[in-house]
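**Q** Residue numbers (the numbering used here): 364 to 872.
We put the CB at the ideal spot given by N, CA and C, even for glycine.
Can you keep this structure in mind? I'll have questions shortly.
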Ligand code: ACO
């Protein structure tokens with residue numbers, strides 16, 4: 364507190380009282396009667412308010428504006444008592460009494476300097492509930508795009524079984540379903556295909572930038588794609604979703620989703636010193652993908668196998684990258700930013716980075732007879748078998764079921780070997796990790812399928828990014844059409860705040 368207290372008498376004019384406060388550099392004074400008893404408090408606020416009301420400060424007396432019979436605290440009261448009064452009564456100064464005499468004046472600034480101030484919340488409101496660290500089991504949005512039902516081993520796109528769509532539809536049909544809301548009829552599909560083919564043209568000036576990015580020392584296909592999407596969005600001048608109507612959001616989404624595989628393949632070929640291959644307008648998404656990769660028209664069975672993988676990975680509930688895209692969109696930002704952020708989230712091994720690791724495990728095992736020993740040793744030493752286990756699926760991952768079929772149809776020694784390793788792994792997991800319900804996940808056969816159709820290993824996750832762009836854009840459009848800023852809170856667990864900045868701690872650079 365400020366002691367001794369600055370005091371004035373009630374017969375001073377406001378001008379005189381103001382000079383006292385200025386001279387003593389305090390914000391309030393105790394008003395005492397002729398016997399030295401406390402009869403009021405006068406603060407800068409009282410003086411200012413009076414002048415603001417047109418009162419003449421040279422003739423008006425303190426007695427007319429002071430707070431009479433002010434609330435006081437005792438010098439022996441804990442600081443918390445003063446904090447409570449400051450908080451409840453909205454005062455800034457309190458006279459402190461000691462044996463009935465004014466011993467000092469406590470200002471809210473004194474308390475802030477020394478006390479741990481508890482957060483002020485509206486009366487009766489509870490602190491925010493702490494969600495699980497991984498947000499598992501917490502619904503943070505409503506969506507009509509699709510859902511995953513882990514216990515049933517089922518996931519769907521807009522209500523349709525996604526695995527059935529992958530068996531029966533083309534990439535473009537399912538793409539239309541996700542972003543337009545319905546499976547297209549023949550006329551709608553043809554118009555939609557035209558728009559996606561037209562969307563494959565690179566924006567002016569982008570290719571030289573891609574060439575530079577492809578030569579960067581720390582080049583990774585996914586990192587380069589992230590950069591390329593960002594640059595392309597800038598070149599296309601995609602505007603803030605907050606400022607454009609839903610139709611324009613969807614048009615921008617379609618344009619960027621059509622371009623993503625083109626950008627990726629350009630980067631890949633530039634990186635390997637190969638001339639870029641223009642996508643053949645007669646080819647659908649999956650076939651054009653392989654054609655841009657190799658420069659040749661792919662075999663039907665290869666492009667169909669890849670197409671089924673791509674359909675199966677377009678969307679998968681409220682996964683981390685989709686959530687990221689929605690958070691960015693919720694700020695009203697542009698689609699390029701949302702896609703760039705989503706690619707960043709997908710790049711992590713815990714999300715999109717595992718398919719090449721599953722294949723690496725097959726390489727490390729080498730031959731069927733080594734499988735059992737290798738897998739047992741991995742688990743005994745605390746390692747995880749790549750391509751097994753899932754946060755949501757506690758039964759067969761429907762994607763792995765179909766991809767196993769697709770891989771089997773493609774055939775070849777690697778597929779036979781993979782099936783042997785899978786069967787061994789499931790048996791060993793059941794024995795060494797009983798009750799954990801660990802099954803083959805999408806990544807195990809994803810690597811096998813992509814490898815069989817000629818996608819290089821470092822392009823596995825980027826290929827996944829291409830198909831997932833469809834899900835991201837569906838989520839972006841949904842968020843933009845019915846937006847609310849996503850802005851949760853965190854429980855602060857650091858040192859009590861506010862902490863005083865150490866005395867003498869000065870500006871430094
Ligand atoms: N191999 C061996 N044991 C495993 C595996 C695995 N692949 N997965 C889980 N377990 C064990 C854990 O060691 C743990 O055992 P414990 O009870 O003795 O400690 C138990 O199963 C439960 O594991 P959690 O960590 O709680 O499972 P979580 O749901 O967090 O993990 C994850 C899911 C990350 C996918 C995990 O299964 C894993 O690491 N798998 C290997 C990597 C992989 O394949 N990733 C791709 C996933 S698919 C996708 O993201 C698109």
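1) In chain order, what residues of the same chain have a beta carbon less than 6 Å from the beta carbon of residue 849, not counting five sequence neighbours either side?
2) Between the beta-carbon of residue 414 and the beta-carbon of residue 403, is there less than 7 Å?
3) One question on the structure: do residue 674 and residue 554 come within less than 7 Å of each other, judged by their Cβ atoms?
4) In this structure, what does DSSP give as the bridge partners for residue 519?
5) Would you mind stating whether residue 706 and residue 589 have Cβ atoms separated by less than 7 Å?
6) Is the beta carbon of residue 789 closer than 7 Å to that of residue 493?
7) If you compare alpha carbons, which of 499, 647, 407 and 571 is closest to residue 598?
8) For a quick check, are the C-beta atoms of residue 383 and residue 425 less than 7 Å apart?
9) Restricting to Cα atoms, I'd like to know which of 614, 511, 732 and 412 is closest to residue 760.
10) Please report the distance separating the alpha-carbon of residue 408 from that of residue 445.
11) Is the region 812-828 close to the region 780-788, with three or more CB pairs under 8 Å?
12) Would you grab the beta carbon distance between residue 678 and residue 541 for me? Rounded to a whole angstrom, and I think it's under 8 Å.
13) Okay, do the region 451-468 and the region 386-393 touch, 3+ Cβ pairs below 8 Å being the bar?
14) Is residue 559 buried or exposed, if buried means 16 or more other CB atoms sit within 10 Å of its CB?
15) Residue 379 by DSSP, collapsed to three states: which one?
16) With distances taken Cα to Cα, identify the nearest neighbour of residue 784 among 723, 838 and 680.
17) Would you mind reading off the limits of the alpha helix (DSSP H) that contains residue 446?
18) Within a Cβ cutoff of 7 Å, which residues of the same chain sit near residue 634, ignoring the five residues on either side of it in sequence?
19) Near residue 520, which residues of its chain fall below 8 Å by C-beta distance, leaving aside the five closest residues on each side in sequence?
20) Report yes if the CB atom of residue 839 is closer than 7 Å to the CB atom of residue 698, and no otherwise.
21) Given residue 480, which residues of its chain have a CB within under 8 Å of its CB, disregarding the five upstream and five downstream residues?
22) Please report how far the alpha carbon of residue 841 lies from the alpha carbon of residue 552, in whole angstroms.
23) With DSSP collapsed to three states, give me the class of residue 801.
24) From what residue to what residue does the beta strand (DSSP E) around residue 662 run?
25) Quick one: measure Cβ to Cβ for residue 663 and residue 649, integer angstroms, because I've assumed they're closer than 8 Å.
26) Alpha carbons only, please: which of 686, 680 and 625 is nearest the one belonging to residue 657?
27) Using a Cβ-based criterion (distance less than 6 Å to any ligand heavy atom), does residue 801 qualify as near the ligand ACO?
28) Between residue 441 and residue 448, what straight-line distance do the alpha-carbon atoms span, to the nearest angstrom?
29) Apply the 10 Å Cβ neighbour rule to residue 462 and answer buried if 16 or more other Cβ atoms are within range, or exposed otherwise.
30) Should residue 806 be counted as a contact of the ligand ACO given a C-beta to heavy atom distance under 6 Å?
31) Would you check if the distance between the CB atom of residue 410 and the CB atom of residue 381 is smaller than 7 Å?
32) Comparing alpha-carbon positions, which option in 432, 766 and 687 lies nearest residue 810?
33) Return the bridge partner residues of residue 461 from the DSSP annotation.
34) Pull the bridge partners of residue 604 from the DSSP assignment, please.
35) Taking only three categories from DSSP, how would you classify residue 421?
**A** In short:
1) Taking the first residue of the chain shown as 1, we reach residue 849 at position 486. These residues qualify, in order along the chain: 690 and 693.
2) Numbered from its first residue, the chain shown carries residue 414 at position 51. Numbered from its first residue, the chain shown carries residue 403 at position 40. Going by C-beta atoms, residue 414 is not nearer than 7 Å to residue 403.
3) The sequence position of residue 674 within the chain shown is 311, counting from 1. The sequence position of residue 554 within the chain shown is 191, counting from 1. At the C-beta level, residue 674 and residue 554 stay beyond 7 Å of one another.
4) On the chain shown, residue 519 is found 156 positions in, with the first residue counted as 1. Note: residue 519 sits in a beta bridge opposite 510 and 524.
5) By 1-based counting over the chain shown, the position of residue 706 is 343. By 1-based counting over the chain shown, the position of residue 589 is 226. A contact, by the Cβ cut-off of 7 Å.
6) To locate residue 493, count along the chain shown from 1; it is residue 130. To locate residue 789, count along the chain shown from 1; it is residue 426. In this structure, residue 789 does not lie closer than 7 Å to residue 493 by Cβ.
7) Locating residue 598 in the chain shown gives position 235, where the first residue counts as 1. With distances taken between Cα atoms, residue 598 lies closest to 571.
8) For the purposes of this step, residue 383 is identified with residue 20 of the chain shown, where counting begins at 1. For the purposes of this step, residue 425 is identified with residue 62 of the chain shown, where counting begins at 1. No, they are not a contact pair.
9) Stepping through the chain shown from its first residue, residue 760 is reached at position 397. Among 614, 511, 732 and 412, the Cα nearest to that of residue 760 is on 511.
10) One-based indexing of the chain shown puts residue 408 at position 45. One-based indexing of the chain shown puts residue 445 at position 82. Taking the straight line joining both Cα atoms gives about 19 Å.
11) These segments do not touch.
12) Residue mapping note: residue 678 aligns to position 315 of the chain shown, counting from 1. Residue mapping note: residue 541 aligns to position 178 of the chain shown, counting from 1. Cβ-Cβ separation between residue 678 and residue 541: approximately 6 Å, consistent with a contact (criterion under 8 Å).
13) Touching, yes.
14) Against the chain shown, residue 559 aligns to sequence position 196. Per the 10 Å Cβ criterion, buried.
15) Residue mapping note: residue 379 aligns to position 16 of the chain shown, counting from 1. In the structure shown, the three-state DSSP call for residue 379 is helix.
16) By one-based count along the chain shown, residue 784 stands at place 421. Just measuring C-alpha positions, the residue of 723, 838 and 680 sitting nearest residue 784 is 723.
17) Start at 1 with the first residue of the chain shown, and residue 446 comes out as number 83. Looking at the DSSP string, the run of the alpha helix (DSSP H) that includes residue 446 is 442-452.
18) Position 271 of the chain shown holds residue 634. By the criterion of a C-beta distance shorter than 7 Å, residue 634 is surrounded in its chain by 577 and 582, once the five residues flanking it on both sides are discounted.
19) Within the chain shown, numbered from 1, the residue matching residue 520 stands at position 157. Cβ within range, chain order: 508, 509, 528, 537, 540, 541, 677 and 678.
20) The residue labelled residue 839 in the question sits at position 476 within the chain shown. The residue labelled residue 698 in the question sits at position 335 within the chain shown. Going by C-beta atoms, residue 839 is nearer than 7 Å to residue 698.
21) In the chain shown, counting from the first residue as 1, residue 480 sits at position 117. Below a pLDDT of 50, predicted positions are generally treated as unreliable, and residue 480, at 49, falls in that range; no measurement from the model is reported.
22) Residue numbering aside, residue 841 sits at position 478 when the chain shown is read from its first letter. Residue numbering aside, residue 552 sits at position 189 when the chain shown is read from its first letter. Inter-residue distance for residue 841 and residue 552 is about 21 Å (C-alpha atoms, whole angstroms).
23) For this step, residue 801 is matched to residue 438 along the chain shown. Of the three classes helix, strand and coil, the one that applies to residue 801 here is coil, per DSSP.
24) Here residue 662 refers to the residue found at position 299 when the chain shown is read from its first residue. Here residue 662 belongs to no beta strand (DSSP E), and DSSP marks it neither H nor E.
25) For the purposes of this step, residue 663 is taken as the residue at position 300 of the chain shown. For the purposes of this step, residue 649 is taken as the residue at position 286 of the chain shown. Not really, about 10 Å apart at Cβ, beyond 8 Å.
26) As a working mapping, residue 657 is identified with position 294 in the chain shown. In this structure, 625 is the residue among 686, 680 and 625 with its C-alpha nearest to the C-alpha of residue 657.
27) To locate residue 801, count along the chain shown from 1; it is residue 438. For the ligand ACO, at least one heavy atom lies less than 6 Å from the Cβ of residue 801.
28) Counting from 1 along the chain shown, the entry for residue 441 is found at position 78. Counting from 1 along the chain shown, the entry for residue 448 is found at position 85. About 12 Å.
29) Residue numbering aside, residue 462 sits at position 99 when the chain shown is read from its first letter. Exposed is the call here.
30) Reading the chain shown from its first residue, position 443 is the one you call residue 806. It does: the Cβ of residue 806 is within 6 Å (strictly closer) of some heavy atom of the ligand ACO.
31) As a first step, residue 410 is located in the chain shown; it is residue number 47 there, counting from the start. As a first step, residue 381 is located in the chain shown; it is residue number 18 there, counting from the start. Yes, they are a contact pair.
32) Numbered from 1 along the chain shown, position 447 holds the residue referred to as residue 810. When only C-alpha atoms are compared, the closest one is 766.
33) For this step, residue 461 is matched to residue 98 along the chain shown. According to DSSP, residue 461 bridges with 464.
34) For the purposes of this step, residue 604 is taken as residue 241 along the chain shown, with counting starting at 1. DSSP, once it has assigned bridges, lists no residue as partnering residue 604.
35) One-based indexing of the chain shown puts residue 421 at position 58. In this structure, residue 421 counts as coil in the three-state DSSP scheme.
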